[in-house]
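J.:
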Amino acid sequence: DTAVSQTPKYLVTQMGNDKSIKCEQNLGHDTMYWYKQDSKKFLKIMFSYNNKELIINETVPNRFSPKSPDKAHLNLHINSLELGDSAVYFCASSRLAERDTQYFGPGTRLTVL
Amino acid sequence: AQSVAQPEDQVNVAEGNPLTVKCTYSVSGNPYLFWYVQYPNRGLQFLLKYITGDNLVKGSYGFEAEFNKSQTSFHLKKPSALVSDSALYFCAVRGSNDYKLSFGAGTTVTVRA
Chain U
1 DTAVSQTPKY
11 LVTQMGNDKS
21 IKCEQNLGHD
31 TMYWYKQDSK
41 KFLKIMFSYN
51 NKELIINETV
61 PNRFSPKSPD
71 KAHLNLHINS
81 LELGDSAVYF
91 CASSRLAERD
101 TQYFGPGTRL
111 TVL
Chain G
114 AQSVAQPEDQ
124 VNVAEGNPLT
134 VKCTYSVSGN
144 PYLFWYVQYP
154 NRGLQFLLKY
164 ITGDNLVKGS
174 YGFEAEFNKS
184 QTSFHLKKPS
194 ALVSDSALYF
204 CAVRGSNDYK
214 LSFGAGTTVT
224 VRA
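Which chain is which? The protein sequence lines are U and G, in order.
So the first sequence is numbered by this note's numbering: it starts at 1 and just counts up by one.
So the second sequence is numbered by this note's numbering: it starts at 114 and just counts up by one.
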């Protein structure tokens, strides 16, 4: 069984569209994260939820909205997509008490045309 | 603010030779330091961490890292590199009261046969 899974794996879309990326973990963790990795492989945290509560909210455009329906899921919705949103988006999870040992999903490669 | 610097974009070594990947950090208070590895088209995997205690930390796949407080460094080492160690390596840091990890820009390691 995959520990942290993301769908879709690839997402190609036009500028201005709205899209969502889903993330699920079956590790029993209480904390989940979204990271963005740009074309230069630079990795930056975007959001983190603990028990469905937002605990990290970095400076990202408000076009990005995370939603956590339960502890095992953290989805990322992006409105009005722009060219600069093209990147690989990684979901990760951990226990809050062990938040340094994060388990990453395989990533979603988003390409905005 | 916390930050990590990985001064080398690329490290190339021959199989069987020692491998070192450099990392320096900046953080308020005591540092919590980490190394993650990313294989091609995969999410990051946790390698090792330093929280407190011995300055030499041992991790997965034969890797170790040495914490040096005076030099604010946390270099990753492996005595004898394998071709399968070829990957992108990220150093990360957080302060003891922080929730988020700050990642370095990554170092691409290529081990040639």
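Ideal Cβ placement from N, Cα and C applies to all residues, glycine included.
(1) Apart from the five residues just before and just after residue 191 of chain G, which ones in its own chain have a Cβ nearer than 6 Å to its Cβ?
(2) What do you get for residue 114 of chain G, buried or exposed, if any count of 16 or more other CB atoms within 10 angstroms of its CB means buried?
(3) I need the straight-line Cα distance from residue 210 of chain G to residue 217 of chain G, nearest angstrom please.
(4) Counting only C-beta atoms, is residue 125 of chain G closer than 9 Å to chain U at any point?
(5) Helix, strand or coil, according to DSSP, for residue 128 of chain G in the structure here?
(6) Consider the Cβ of residue 21 of chain U: report whether some Cβ of chain G lies at a distance smaller than 9 Å.
(7) Which chain G residues are close to residue 43 of chain U, counting only those with a beta carbon under 8 Å from its beta carbon?
(8) In chain G, which residues lie less than 8 Å from residue 8 of chain U when you measure between Cβ atoms?
(9) I need the DSSP call for residue 60 of chain U, collapsed to helix, strand or coil.
(10) In terms of DSSP beta bridges, what is residue 188 of chain G paired with?
T.: Let me spell this out:
(1) 132, 175 and 176
(2) exposed
(3) 19 Å
(4) no
(5) coil
(6) no
(7) 157, 203, 216 and 219
(8) Simply none; closest approach about 14 Å.
(9) coil
(10) G:179
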